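Here numbering that gives the first Met the number 0 is used: the first residue of the sequence shown is 0, the next is one more, and so on.
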Amino acid sequence: MWMSDRTRTQQRLAADLAGLVDVLPDETALPFLRAFWITIAREWTGIDVLRIDKFLLLVRSVTDMKIPNGLRYHLIDIYVDELDMLDTPRSGNLPIDVLLSPLQRLGTDSPTKAVRLKVKEALEDVRLSDWNRLEPAEQTGEAEQWDLEEEEWDGIND
Numbered sequence: 000m001w002m003s004d005r006t007r008t009q010q011r012l013a014a015d016l017a018g019l020v021d022v023l024p025d026e027t028a029l030p031f032l033r034a035f036w037i038t039i040a041r042e043w044t045g046i047d048v049l050r051i052d053k054f055l056l057l058v059r060s061v062t063d064m065k066i067p068n069g070l071r072y073h074l075i076d077i078y079v080d081e082l083d084m085l086d087t088p089r090s091g092n093l094p095i096d097v098l099l100s101p102l103q104r105l106g107t108d109s110p111t112k113a114v115r116l117k118v119k120e121a122l123e124d125v126r127l128s129d130w131n132r133l134e135p136a137e138q139t140g141e142a143e144q145w146d147l148e149e150e151e152w153d154g155i156n157d
């Protein structure tokens with residue numbers, strides 16, 4: 000990373016280094032990550048202002064989401080459909096609050112606004128109100144958890 004000066008080279012190298020975790024055997028992936036973070040922490044104060052951006056990119060690449068948003072969208076799309084097929088007569092035997100908690104957590108914890116919107120849309124599905132006899136908006140909890148108006152972070156602007 001230190002000697003790569005071109006943007007494309009830096010991006011490719013950061014992606015390649017971050018991708019090593021996926022191809023390493025399980026027994027060496029954690030030691031690799033440990034060594035990575037120890038090295039980054041040790042060298043961080045010595046990185047000059049001209050090179051800091053490439054190391055920020057490297058750290059961002061390593062900590063980046065490992066699950067593509069396309070897969071998240073698909074799972075969000077089918078989640079309520081699958082619940083619907085489990086309890087078609089709406090017997091009320093499903094612990095719907097427990098079953099919806101992963102979806103709700105994704106809706107509150109996702110850094111991507113599009114994913115949060117997709118989760119909000121799924122949780123407002125009318126089929127969910129059939130289980131608890133609630134209005135769909137009531138099932139999602141407090142309104143402030145869906146702070147969809149906030150801007151996403153788009154990097155450091157100097």
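Just so it is clear, CB atoms sit at the ideal spot from N, CA and C, and this is done for glycine as well.
Fair warning: this is a prediction, and the values are worked out from it, not measured in the lab.
- Straight across, the Cα-Cα distance linking V20 with T6 is about 22 Å.
- T87 carries a coil assignment under DSSP once its states are collapsed to helix, strand and coil.
- Boundaries cannot be given for S109, as no alpha helix (DSSP H) includes it and DSSP labels it neither H nor E.
- Between the stretch 91–98 and the stretch 106–116, the count of C-beta pairs closer than 8 Å stays below three; the two stretches do not touch.
- Looking only at R71, W130, G69, the smallest Cα-Cα distance to S90 is reached by W130.
- Across the set I75, L74, S60, the C-alpha of S60 shows the shortest separation from the C-alpha of D15.
- Runs of the beta strand (DSSP E) lying entirely within the stretch 24–108 and spanning at least 3 residues: none are present.
- Its chain contains no residue whose beta carbon lies nearer than 6 Å to that of Q103 once the 5 sequence neighbours on both sides are disregarded.
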